[in-house]
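Please read the structure below before turning to the comments.
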Amino acid sequence: MKKYNVCIVGGGSTYTLGFLKSFARMQEEFPLNKLVLFDIDGERQKPIGQYGEIMFKERYPELDFSYTTDPAEAYKDMDFIFMQMRAGGLHMRQKDEHIPLSFGKIGQETCGAGGMSYGLRSCVDMVEAIHQIREYSPEAWILNYSNPAAIVAECLRREFPDDKKILNICDQPENVVRSTSRLLGCDWNDLDPVYFGLNHYGWFTHMYDRKTGEDLLPKIRQIVKEKGFLPQDAEQRDKSWLETYGFVQTMLEDFPDYLPNTYDGYYLYPEYKASHLNPNYTRADEVIDGREKRVFKECEEVIKAGKLGDKFHAISDAHAEMMIKVAEAIAFNTLGRFILIVENNGAIANMQDDAMVEVVCELGINGPRPLRVGNIPQFYLGLLVQQVSSEKLLVDAYYEHSYQKALEAFTLNRLINDAKEARKILDALIEANGDQWPELK
Ligand code: NAD
Ligand code: G6P
Ligand code: MN
C-alpha cells in the first residue's frame, strides 16, 4: 500500500497538535511515509515539532517526521500540502477585529472589513507560497484552508487558472452537520446534506436521513426552536462560540426555510452583532488567552516529561479529521461527499459561473465533482451576489493595486454598506497593515 508524503504549512498553528494526533490515529486509513512541518516562524514552530518527535516515537515510530523553515526541505517530493498559515499572525487578527469595531462595524476573522483586511494579506502570502511549492512539488495536491478561504480561493483561481490540484476547504458546514446530529441523537455520517453558498455564507436546503431518505429539516427546525443549537463539541468550546451557534435559533425563526451556517448571523444582523461585540476584547483575544496558551502549555509539559502519557487523548479534533479525510478521498479515490469550495460553473444555476461557491461535492483522485443545487431563491441570490461582488472587487484591488476597487469592495460589503464609513475603515486598515498589504493607489 502506498504511503504518502505530507507537508503542513503553518506548522506553528494552534491546530497542528490536533493534526499530529489525528495523523497518528488515522495511520491505517491514511498511511504516511513522511510528514514535514513548515513555518516562517521557527521559534513558534519548535515546541510543536518537539512535541511531534516525542509523540510519533511512541505512536508512529516508522514515520519520517521533521520540522523546518527551509522551503526546499519542506516542499520536495510531496503528495499533499496542508495549508494553514495565518498571514500576519494572531496579532494582526486582533487589529482586523478591533479596528472596524472602533468604527461600529463588525470586525471578524473572515467576515466584513476584518475578513477583507486579512484577505489582502493572505493573497500576498498564499500566492508566494504556492509558487514556491510548485517549484518543488508540481504534482502535489494543495489542500488550503488558510482563511479567509473565500477570498483566497478567488485569488488562487485567478493566479493558477490551470492548476487543478488546489482545493479550498472549510470545516464549518461539516461542523453544522455534526452539531445537527448531536441534536437529533444520530451519527453525523447518517446525514445527507444539500448545501449552497459562499464560504462562511451558506444554507442547508435539506438534511436527508441517509438510510430512509426522509428530509429531517422540519424536525430540526422544531428541535432548535425548543432547545436551541449547540456545537457538537460544546464541552470544549469557548463562550463566544456557544453564543454563535446558539444564534442559529434566531436565524431559523426569522428565515425558517433553510438551516443556516453559523457565519450567516454576521450578514443577516450586522448592526445587532456589531453592537454586541466588545471592540477591545474580540475572538482574537479569546484565542490568544485560550487556545494558543493551552496548546503551547501542552507542548511544554510533554517536552519536559519527555513522553506523551495521557496527553494523546486531550484534544479530539473534527477539524483535522475532516482535512485528512479529504486527502484520503483523493488518495484512494473514495468518491465520498464533502462540502467544498469550487468554481460554480452551474452548480448554483442562477449564479455567475466564475464565483467560488461552497456546495456538496463527490471527491476522488480527479478532484471534486460538485452536485447541482439548481436555482436558489431571490433573497439568497441577492445576498450572495452582493458578497461575491465584494470579494471579487477586493481581489481586483489586489491585482490592480487599486484603492478605488478596494473602496468599492468595502462599500458593497453588507457589514459596512456605506461609502464614507468604508473609506474611513479602509484608510485605517491601510495604515495598520503597512507593507503586509499590496500598495493601493
Ligand atoms: P496561528 O497564528 O496559531 O498559526 C498560523 C501559523 O502560520 C503561525 O505559526 C505562523 O507563523 C504561520 N505562518 C504565517 N505566515 C506564514 C507563511 N507565509 N508561511 C508559512 N507559515 C506562515 O493561527 P491558527 O488560529 O492556528 O489558524 C491557522 C489557520 O487555519 C488560519 O488561517 C485559520 O483561519 C485557518 N483555519 C481555517 C479553517 C477553515 O475552516 N477553513 C478552520 C480552522 C483554521
Ligand atoms: C471555524 C471556521 C474557520 C475558522 C475557525 C475560527 O472552524 O470554519 O474558518 O478559522 O472556526 O476559529 P477560532 O476559534 O480561531 O475563532
Ligand atoms: Mn471556515
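Going by UniProt numbering, 81 is the number at position 81 of the sequence shown; the sequence numbering is gapless. Positions of the beta carbon are idealized from the N, C-alpha and C atoms, including for glycine.
Residue i Cβ short of 7 Å to ligand 1 heavy atom set
i       : result
Glu-62  : no
Cys-170 : yes
Phe-332 : no
Ala-129 : yes
Val-287 : yes
Ile-40  : yes
Enclosing beta strand (DSSP E) for residue i [first to last residue]
i       : result
Cys-7   : 4-9
Lys-34  : 32-38
Arg-369 : 367-370
Cys-361 : 356-364
Met-83  : 80-83
Tyr-201 : 201-209
Val-373 : Careful: Val-373 lies outside any beta strand (DSSP E) and carries neither H nor E.
Ser-402 : Looking at the DSSP string, Ser-402 is not in any beta strand (DSSP E), and its letter there is neither H nor E.
Extent of the continuous alpha helix (DSSP H) run through residue i
i       : result
Phe-247 : Premise fails: Phe-247 is in no alpha helix (DSSP H) and is neither H nor E.
Ile-416 : Taken as a continuous stretch (DSSP letters only), Ile-416 belongs to no alpha helix (DSSP H), as it is neither H nor E.
Lys-16  : According to the sequence provided, residue 16 is Thr. The question's Lys does not apply to it. Run containing Thr-16: 16-25, per the alpha helix (DSSP H) assignment.
Ser-102 : 89-102
Val-152 : 149-159
Arg-337 : Where Arg-337 is concerned, there is no enclosing alpha helix (DSSP H), although the beta strand (DSSP E) it sits in stretches over 336-343.
Asp-125 : 112-136
Residue i classed as buried or exposed, judged by whether at least 16 other C-beta atoms fall within 10 angstroms
i           : result
Arg-210     : exposed
Pro-148     : buried
Ser-22      : buried
Asn-168     : buried
Ile-330     : buried
Ser-275     : exposed
Gln-108     : buried
Asp-427     : exposed
His-319     : buried
Ile-81      : buried
residue 482 : The chain is shown only over 1 to 441; residue 482 falls outside these bounds and no answer can be derived.
Check: residue i C-beta below 7 Å from any heavy atom of ligand 3
i       : result
Ala-149 : yes
His-200 : yes
Separation of residue j from residue i, as counted between CA atoms
i       : j       : result
Gly-228 : Asp-77  : 48 Å
Ile-133 : Gln-386 : 33 Å
Gln-378 : Leu-217 : 21 Å
Pro-270 : Phe-103 : 13 Å
Glu-135 : Ala-74  : 12 Å
Val-194 : Val-373 : 8 Å
Val-359 : Ile-220 : 20 Å
Gly-290 : Gly-11  : 19 Å
Leu-252 : Asn-261 : 11 Å
Glu-321 : Leu-20  : 10 Å
Leu-230 : Cys-170 : 19 Å
Asp-396 : Asp-310 : 50 Å
Gly-246 : Leu-183 : 12 Å
Ala-432 : Tyr-208 : 46 Å
Pro-161 : Phe-255 : 37 Å
Gln-50  : Asp-238 : 27 Å
Asp-125 : Asp-39  : 12 Å
Arg-423 : Leu-259 : 34 Å
Ile-376 : Leu-384 : 10 Å
His-206 : Leu-308 : 43 Å
Distance cut-off 7 Å: residue i Cβ against heavy atoms of ligand 2
i       : result
Asn-278 : no
Glu-391 : no
Glu-109 : yes
Asn-144 : no
Is it the case that the stretch 112-124 contacts the stretch 138-156, given that we only count it when at least three CB pairs across the two stretches are under 8 Å? yes
Are at least three pairs of beta-carbons, each pair with one atom in the stretch 2-10 and one in the stretch 294-307, less than 8 Å apart? no
Pair every Cβ in the stretch 104-116 with every Cβ in the stretch 89-96, then say whether three or more of these pairs are closer than 8 Å. At 8 Å Cβ cutoff, the stretches touch.
Inter-stretch contact at 8 Å, needing at least 3 Cβ pairs: the stretch 25-37 / the stretch 66-74: Yes, the stretch 25-37 touches the stretch 66-74.
When you compare the stretch 180-195 with the stretch 341-350, are there three or more beta-carbon pairs, one atom per stretch, that lie closer than 8 Å? As far as the Cβ criterion goes, the stretch 180-195 does not touch the stretch 341-350, which means the pair count is below three.
Are at least three pairs of beta-carbons, each pair with one atom in the stretch 408-417 and one in the stretch 252-270, less than 8 Å apart? yes
Measuring CB atoms only, is the stretch 334-345 touching the stretch 122-129, in the sense that at least three cross pairs come out at less than 8 Å? no
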